[in-house]
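Enquirer:
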Amino acid sequence: MENISTILLALVVVVIIIAAVLIYVGSRVPREDQDPLEARLTEFTQRGETVSLEQIEMSQSFQERVIYPLLRQFGEMTTRFTPQNALQEVTIKLERSGRAGWIDAPMFLALRFVVAAVFGLVAFFVFTFFSAVKQPFATAVLYSLIALAIGFFFPQLWLDEQIKKRQKEVQKAMPDALDLLTICVEAGLGFDAAMSNVAQKWDNELSLAFARAIREIQLGKVRRDALRDMADRIDLSDLTSFVAAVVQSEQLGVSMSKILRIQADQMRMRRRQIAEELAHQAPIKMLLPMVGLIFPSIFIVLMTPAVLRMMKVEIFR
60 MENISTILLA LVVVVIIIAA VLIYVGSRVP REDQDPLEAR LTEFTQRGET VSLEQIEMSQ
120 SFQERVIYPL LRQFGEMTTR FTPQNALQEV TIKLERSGRA GWIDAPMFLA LRFVVAAVFG
180 LVAFFVFTFF SAVKQPFATA VLYSLIALAI GFFFPQLWLD EQIKKRQKEV QKAMPDALDL
240 LTICVEAGLG FDAAMSNVAQ KWDNELSLAF ARAIREIQLG KVRRDALRDM ADRIDLSDLT
300 SFVAAVVQSE QLGVSMSKIL RIQADQMRMR RRQIAEELAH QAPIKMLLPM VGLIFPSIFI
360 VLMTPAVLRM MKVEIFR
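Take the sequence shown: its position 125, counting from 1, is numbered 184 in our numbering, and each next residue is one higher.
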């Protein structure tokens, strides 16, 4: 039994170290869609230096040379037992979260298994060796399995939350972006140049999406296909409606400035409606803190003198 505990303790320490390394890697990951090796090649090309691929590879950071390949290899092993539709769903969610530039579906699956192992082993270590919460062996194993399941689904919940966060940011930025698009087009710029100005003006998720669509158009993709792909990557109804209106105006020959003006007005109205909806939800959200925190304090203030008076009467009786 002691040997098993020692082995499990060693495994917990190893997994904690791996988790710390992964957390450090995640915090240092860039948000750009450009490949790290491609970025290094561009950097050395701008310098005008003649270097080999080995020198470029050695100039990369430790996580790019070691951690990412290990995680990717482990992810490729897990994909052999994963249905293809599940991999496609993960890929779509990574695109919609804006994280597809630095992690792919196999790496994300590997990360889920690693996080699950960390949660399970840490829970077993806590419930086995800490006297304050020490449990019998069977109970500790049960809690560890529960923690393992939580750890397996935690990255998925985090990814869904990132998708919602990105959609909210795009929703918030759309009215101002469409106003600027309208002004640029009415001033005589083309639609692509107006989108490029929006991408350069701000640094948010919508401007990044515009910049990627512009790059795809410059590389030869048809504008309507690039815009539709951009809408699919974000999966926001308002952006999808905007793209559909732009594509339809291009096909029917309608004035682009009029379409953009109508879309900008609709986005401002939509933002006002969302603000009013949130304002109406505020009293309901404030009800629970009031009932749980404010009302008990009021009851204590009101009832304490009466209770003390009753206790005093009972004492002197």
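Ideal Cβ positions, reconstructed from N, Cα and C, are used throughout, including at glycine. Bear in mind the structure is a predicted one, so any value in this text is a computation, not a measurement.
Less than 6 Å between C-beta atoms, sequence neighbours within five positions excluded: which residues of the same chain meet that for GLY179?
Expert: For this step, residue 179 is matched to residue 120 along the sequence shown. So the list reads SER203, ALA206, LEU207, once near-sequence residues are dropped.
Enquirer: By the 10 Å Cβ neighbour count, where 16 or more other Cβ atoms means buried, how is TRP161 classified, buried or exposed?
Expert: On the sequence shown, residue 161 is found 102 positions in, with the first residue counted as 1. The residue in question, TRP161, is buried, as its Cβ has 16 or more Cβ neighbours within 10 Å.
Enquirer: Would you verify that the beta carbon of MET233 is, or is not, closer than 9 Å to some beta carbon of chain B?
Expert: Reference to chain B is not applicable here, since this structure consists of a single protein chain.
Enquirer: Nearest to THR241 by alpha carbon, out of MET315, GLN230, ALA304?
Expert: Taking the first residue of the sequence shown as 1, we reach residue 241 at position 182. With distances taken between Cα atoms, THR241 lies closest to MET315.
Enquirer: Give me the residue from CYS243, ASP294, GLY351 with the minimum Cα distance to ARG16.
Expert: Since the displayed the chain opens at 60 and closes at 376, residue 16 lies outside it and no answer follows.
Enquirer: What residue range is occupied by the uninterrupted alpha helix (DSSP H) comprising ALA169?
Expert: The residue you call residue 169 lines up with position 110 of the sequence shown. Start and end: 164-188.
Enquirer: Does DSSP classify THR141 as helix, strand or coil?
Expert: Indexing the sequence shown from 1 puts residue 141 at position 82. It is coil, neither helix nor strand.
Enquirer: Sorry if obvious, but does the Cβ on GLN230 come closer than 8 Å to a heavy atom of the ligand PLP?
Expert: The ligand content of the structure shown is nil, which means the ligand PLP is not present either.
Enquirer: Decide yes or no for the touch test of the region 216-232 against the region 179-196: beta carbon pairs closer than 8 Å, at least 3 of them.
Expert: Output reads no: the region 179-196 does not touch the region 216-232.
Enquirer: Could you tell me if LEU347 is buried or exposed, where buried requires 16 or more neighbouring beta carbons within 10 angstroms of its beta carbon?
Expert: Here residue 347 refers to the residue found at position 288 of the sequence shown. With fewer than 16 Cβ atoms within 10 Å of its Cβ, LEU347 is classed as exposed.
Enquirer: Assuming ASP238 and ALA323 form a contact by the criterion Cβ under 8 Å, report the distance between their Cβ atoms to the nearest whole angstrom.
Expert: The sequence position of residue 238 within the sequence shown is 179, counting from 1. The sequence position of residue 323 within the sequence shown is 264, counting from 1. That belief holds up - the Cβ atoms of ASP238 and ALA323 are roughly 5 Å apart, short of 8 Å.
Enquirer: Let's see if you can read the secondary structure: which residues bound the alpha helix (DSSP H) around ASN263?
Expert: What you label residue 263 is simply residue 204 of the sequence shown in a count that begins at 1. Where ASN263 is concerned, there is no enclosing alpha helix (DSSP H), given that its DSSP letter is neither H nor E.
Enquirer: Label GLY210 either buried or exposed according to how many other C-beta atoms from any shown protein chain fall within 10 Å of its C-beta, with 16 as the threshold for buried.
Expert: Counting from 1 along the sequence shown, the entry for residue 210 is found at position 151. The residue is buried, with at least 16 neighbouring Cβ atoms inside 10 Å.
Enquirer: Is the Cβ-Cβ distance between LEU168 and THR141 less than 9 Å?
Expert: Taking the sequence shown and counting its residues from 1, one reaches residue 168 at position 109. Taking the sequence shown and counting its residues from 1, one reaches residue 141 at position 82. A contact, by the Cβ cut-off of 9 Å.
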